[in-house]
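Worksheet for the structure shown next.
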Amino acid sequence: MLGAGNVTSAVDPGTPYGHYAPHYDAQGQSRWGESLIDFTLGTLLPRYGRRPRTALDLACGTGSAALLLARAGLATVGLDRSATMLALARAKARAAGVAHAPLNFVRADLRRFAFARPFDLVTCCYDSLNYLLDPADLVSALAAIRQSLSSGGLFVADLTTGRAYDADGDAAAWSLELGDVEYGFSTTWDPSTRIAETVITCATHTVAGARTVHEHHRQRAYEHDEVEEALVASGLRSLGAFAALPLRGPSLEPPGPRTRRLIYVAETAGPRGSRHG
Numbered sequence: 713m714l715g716a717g718n719v720t721s722a723v724d725p726g727t728p729y730g731h732y733a734p735h736y737d738a739q740g741q742s743r744w745g746e747s748l749i750d751f752t753l754g755t756l757l758p759r760y761g762r763r764p765r766t767a768l769d770l771a772c773g774t775g776s777a778a779l780l781l782a783r784a785g786l787a788t789v790g791l792d793r794s795a796t797m798l799a800l801a802r803a804k805a806r807a808a809g810v811a812h813a814p815l816n817f818v819r820a821d822l823r824r825f826a827f828a829r830p831f832d833l834v835t836c837c838y839d840s841l842n843y844l845l846d847p848a849d850l851v852s853a854l855a856a857i858r859q860s861l862s863s864g865g866l867f868v869a870d871l872t873t874g875r876a877y878d879a880d881g882d883a884a885a886w887s888l889e890l891g892d893v894e895y896g897f898s899t900t901w902d903p904s905t906r907i908a909e910t911v912i913t914c915a916t917h918t919v920a921g922a923r924t925v926h927e928h929h930r931q932r933a934y935e936h937d938e939v940e941e942a943l944v945a946s947g948l949r950s951l952g953a954f955a956a957l958p959l960r961g962p963s964l965e966p967p968g969p970r971t972r973r974l975i976y977v978a979e980t981a982g983p984r985g986s987r988h989g
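This note's numbering puts the first residue of the sequence shown at 713, with every later residue one more than the last.
In structure tokens form, the structure reads like this:
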């Protein structure tokens, strides 16, 4: 039974993925990021006539998306604030033996980071920007992205909208078992603040009993107009917004009133390092 056991621990809500990180790939959580990278490489780059040589994958997690970029021949850096996630990403890269391009990982805050050299492609997958609960933090992150993007470079990210939660009402819950681990996900949604809080429970069953851990993840649903305004405020120029379709994934279809996830493509609105009001 989920939650039963002799050891229970809680993770600081401000440090998600402290315990859930080792379970992330087993849950198939990397698949969306991989599909967005495939879509970027196969569809978006040709559409906008870009041929990047370097890439930065933000909130890289266990490194699956960054690994795909490196395999495509791009010198790639993965950035994340979770030390646990980065350890898994480095181990995954070593096991893959990537030889096509350099692949490195760094620990930094998505809201404030800087690199000495810009990147031709910057990606941020799987609603990672939704973890920024304050719209001012979203602008700060986008400004850092703008400063890290080369002239002619491309920025690709996805964010969830309120439709992702409205359909389920104020609360939703589900669970599943994989091997000796039982997972539970419980989400509460406050439309007045546009904040969704998900409690992830992982119960690992062993002969000695069960060890149960809980993590709290908070995300803010951003609407299309909010994201477009944040892009402008940060010095980025929006090139398009596209709908991620249920069961089909990334697409070039325009967003509609029921779109749950949007894919944004942007570029720098002026020379790197210039000021924008």
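Note that beta-carbon positions come from the ideal geometry of N, C-alpha and C, so glycine has one too.
Presumed contact (8 Å Cβ cut-off) between residue i and residue j, rounded CB distance
i: T980; j: S863; result: 6 Å
i: P847; j: A942; result: 7 Å
i: P962; j: A953; result: Contact doesn't hold; Cβ gap of about 12 Å is too wide.
i: R823; j: S852; result: 5 Å
i: L948; j: F825; result: Contact doesn't hold; Cβ gap of about 16 Å is too wide.
i: A767; j: F831; result: 6 Å
i: A876; j: R973; result: 7 Å
Continuous alpha helix (DSSP H) stretch holding residue i: start and end
i: V944; result: H936 to S946
i: E965; result: Run containing E965: none; DSSP gives neither H nor E here.
i: Y877; result: R875 to D878
i: D846; result: No alpha helix (DSSP H) contains D846, which DSSP labels as neither H nor E.
i: D750; result: R743 to F751
i: R802; result: A795 to A808
i: L779; result: S776 to R783
Sheet register partners of residue i (DSSP bridge)
i: Q931; result: A908
i: N816; result: V789
i: C836; result: L770 and A869
i: G952; result: V977
i: L957; result: G961
Selected residue, minimal CA-CA separation from residue i, among the options
i: A920; options: D892, A953, D902 and H928; result: D892
i: V834; options: T872, A801, C772 and A808; result: C772
i: A978; options: G865, H812 and E938; result: G865
i: Y843; options: F751, D937, L957 and D870; result: D870
i: G982; options: P958, L974, A945 and L964; result: A945
i: I975; options: L791, R743, F751 and P734; result: F751
i: M797; options: E965, V818 and A856; result: V818
i: P903; options: F897, Y760 and T873; result: T873
i: A855; options: Y760, C914 and V939; result: V939
i: T788; options: T774, A813 and A795; result: A813
i: C837; options: T755, A803, L786 and L770; result: L770
Host beta strand (DSSP E) of residue i (start-end)
i: A978; result: R973 to T980
i: S898; result: V893 to D902
For this session: Tell me, please, whether the region 898-909 touches the region 920-940 by the rule of three or more beta-carbon pairs shorter than 8 Å.
Result: yes
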